[in-house]
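Here it is, written out as structure tokens:
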């Protein structure tokens, strides 16, 4: 009996693994059918050759190690991973050790590639420190290894990623890159999300914005530093970068100025902010010689962190990666490459909540007609504004950033 019981227990323990193997086999079969029908048909409409498709799709399998997967027929987890810095506080994102290390390395490269960067700045109007800051943040100045075969990663995310609708056109664009002989299939490496080369371009951005700056006939953002740097500058210029305009400046914001006034939709002339008592950290005048230029209040941690007045160029930086913290990091690192010091005001100890908590709060506000941007569980500027307005309406001091208790209270 004991032997029989042991065998039964071993059999039951093996069931989940066996079921998982069967699920994977079933999904891999669906994947092959999808490649042979949907992908081939759509790729041929884009003019991608049969030879390229045979080379790229033959033997292609799913990469089950990637994050954010939602395999067909497999129940999804209830909440997304807490990757965003907002959930542990922006202070970690702006670790002085991280910033200082990138700044030190970047200054050396500014000098090494000075002539090339000068030509790039003359061509595109984007300052060399900004270009180098993006290069450093995206790939550690080209040192970061791209661990994934781009076509396999994009195919996996396009077929069973949690955001497969956005990945599918990028997968097709990657096949176009291979078809155009820009880089060999085996050399086209990427991040898990299919971001390519030293600038970490998505394939669609590569097709439209990558440039051949070293004149060798290839737009090589994997191996060519001039091509990589010029492609970054072209990306920003085509996204609306205004030459001669700084991204922004750290400021002191008096209590009389509500944190709910932040964001790209509430810009005011610099002279108006100055009249409200907003001033640069360290003193001086905010308006200077451009009093009519529009500035926007930025408070990524609400009243729990530093504040900035930013120009439209800040939002151009944000177009590279849709995150206030990312754009601020690039602007600040660019300043550090010029010799500026750290951000003056400290980041508060905020965070400690889950993404699902934020999403639930956003959904409650949306039912009341409040614009929170998107109920995605991220604390973007519209959500911060909504929180500040709720605080003020309920007789609280506006902080414009949540804590766990506040998330439950907002109705």
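Numbering (my numbering), first residue to last: 25 to 435. No residue lacks a Cβ here, since even glycine has one placed at the ideal position from N, Cα and C.
Take residue i as the anchor and find which of the options has the nearest alpha-carbon.
| i | options | result |
| --- | --- | --- |
| residue 252 | 365, 234, 205 | 234 |
| residue 215 | 275, 173, 229, 206 | 173 |
| residue 146 | 268, 79, 393 | 268 |
| residue 199 | 71, 430, 52 | 71 |
| residue 430 | 388, 201, 258 | 388 |
| residue 239 | 232, 248, 58 | 248 |
| residue 384 | 432, 286, 371 | 432 |
| residue 167 | 245, 276, 149, 237 | 245 |
| residue 190 | 209, 203, 171, 218 | 218 |
| residue 159 | 257, 328, 315 | 257 |
| residue 208 | 182, 175, 326 | 175 |
| residue 374 | 351, 415, 426, 420 | 426 |
| residue 298 | 322, 311, 305 | 311 |
| residue 45 | 275, 197, 98, 169 | 98 |
How big is the Cα-Cα spacing for residue i and residue j?
| i | j | result |
| --- | --- | --- |
| residue 397 | residue 391 | 13 angstroms |
| residue 91 | residue 222 | 21 angstroms |
| residue 121 | residue 366 | 11 angstroms |
| residue 262 | residue 211 | 27 angstroms |
| residue 354 | residue 360 | 10 angstroms |
| residue 109 | residue 379 | Note that residue 109 scores 42 on pLDDT, short of 50, meaning its location in the model is unreliable and no value can be drawn from it. |
| residue 412 | residue 205 | 52 angstroms |
| residue 349 | residue 151 | 20 angstroms |
| residue 55 | residue 75 | 20 angstroms |
| residue 106 | residue 376 | In this predicted model, residue 106 has a pLDDT of only 46, less than 50, meaning its place in the structure is not dependable; the value taken from the coordinates is given anyway. Cα to Cα, residue 106 sits roughly 10 angstroms from residue 376. |
| residue 270 | residue 164 | 24 angstroms |
| residue 345 | residue 259 | 12 angstroms |
| residue 185 | residue 226 | 16 angstroms |
| residue 266 | residue 290 | 19 angstroms |
| residue 370 | residue 179 | 42 angstroms |
| residue 127 | residue 135 | 13 angstroms |
| residue 303 | residue 309 | 6 angstroms |
| residue 334 | residue 264 | 15 angstroms |
| residue 277 | residue 331 | 7 angstroms |
| residue 60 | residue 224 | 29 angstroms |
| residue 119 | residue 125 | 10 angstroms |
| residue 372 | residue 319 | 24 angstroms |
Under three-state DSSP, which class holds residue i?
| i | result |
| --- | --- |
| residue 292 | strand |
| residue 364 | coil |
| residue 185 | strand |
| residue 176 | helix |
| residue 95 | coil |
| residue 333 | strand |
| residue 432 | helix |
| residue 380 | helix |
| residue 213 | strand |
| residue 55 | helix |
| residue 198 | helix |
| residue 126 | helix |
| residue 353 | helix |
| residue 338 | helix |
| residue 226 | coil |
| residue 220 | strand |
I want to know whether the segment 149–169 touches the segment 123–141 - three or more CB-CB distances under 8 angstroms. yes
At what residue ranges does the segment 248–285 contain a whole run of the beta strand (DSSP E), taking only runs of 3 or more? 272–276
Give, in chain order, every unbroken run of the alpha helix (DSSP H) that is at least 4 residues long and sits entirely within the segment 65–89. 74–81
My parser needs the alpha helix (DSSP H) runs of 4 or more residues fully inside the segment 294–327; what are they? 294–299
For the segment 273–286 against the segment 237–256, do three or more pairs of beta-carbon atoms, one drawn from each stretch, fall closer than 8 angstroms, so that the two count as touching? no
Pairs of beta-carbons, one from the segment 335–342 and one from the segment 401–419, closer than 8 angstroms: are there three or more? no
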